[in-house]
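Visitor: Take a look at this one; I'll ask things after.
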Amino acid sequence: MIDDVLCRRLVDKARQAQQHAYAPYSKFTVGAALLAGDGTIYTGCNVENSSYGLTICAERNAIFHAVACGCRDFRAIAIAGSSSGYTVPCGACRQVMAEFNIADVIMVRPDDTYTVVPLQKLLPYTFTL
Ligand code: THU
7 MIDDVLCRRL VDKARQAQQH AYAPYSKFTV GAALLAGDGT IYTGCNVENS
57 SYGLTICAER NAIFHAVACG CRDFRAIAIA GSSSGYTVPC GACRQVMAEF
107 NIADVIMVRP DDTYTVVPLQ KLLPYTFTL
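Residues 7 to 135 (my numbering) are what the sequence shown spells out, left to right.
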């Protein structure tokens, strides 16, 4: 399990990334911070489009950002959004997290308190080929 110091760093990075969210339609801003095996942190934010279905979530944006940088080894991801409770990942993002074996999901509340949940608990029956 990931320790508190690392979690706190990821929470802070996710909050910073949330500032870059482009969400003029939903007004729901999200930031994500992804911890790689080598300690690098990759961030992402949600980016909406007037053609709504083209929107990309913050979590997938962070994961695709990392993969595009040549990284495929991950430990944990933090998600901070404008939810009134914990910001939880959508089903599509859970499936993409499973693709890259991201072990722990850190969900953040408005006051920056957080909970760590193993991805296996959030997506017990992952689709695989
Ligand atoms: N969103 C995310 O960024 N992550 C999720 O896991 C769920 C939803 C974004 C997409 C959209 O821009 C906004 O939140 C409202 O659905």
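Backbone N, C-alpha and C define an ideal beta-carbon position, used for all residues, glycine too.
Hey, how far is the Cα of residue 36 from the Cα of residue 63?
Guide: Approximately 8 Å, taken between the alpha carbons.
Visitor: When you compare the CB positions of residue 17 and residue 118, do they come within less than 8 Å of one another, or not?
Guide: Contact flag set, yes.
Visitor: Got a list of residues with beta-carbon closer than 6 Å to any non-hydrogen atom of the ligand THU, in chain order?
Guide: Counting every residue whose Cβ lies closer than 6 Å to a heavy atom of the ligand THU, we get 29, 32, 34, 36, 52, 54, 61, 63, 64, 65, 95, 96, 99.
Visitor: Would you tell me roughly how many angstroms separate the C-alpha atoms of residue 93 and residue 44, rounded to the nearest one?
Guide: Distance between the alpha carbons of residue 93 and residue 44: 26 Å.
Visitor: Taking all protein chains shown into account, do 16 or more other C-beta atoms lie within 10 angstroms of the C-beta of residue 130, making it buried, or fewer, making it exposed?
Guide: It counts as exposed.
Visitor: Going by beta-carbon coordinates alone, are residue 5 and residue 68 separated by less than 8 Å?
Guide: Any answer about residue 5 is impossible in this case: the structure gives the chain only from 7 up to 135.
Visitor: Among 127, 78, 15, 71, which residue has its Cα nearest to the Cα of residue 95?
Guide: The shortest Cα separation from residue 95 among 127, 78, 15, 71 belongs to 127.
Visitor: Pick out whichever of 20, 51, 91, 9 has its Cα sitting closest to the Cα of residue 116.
Guide: It is 91.
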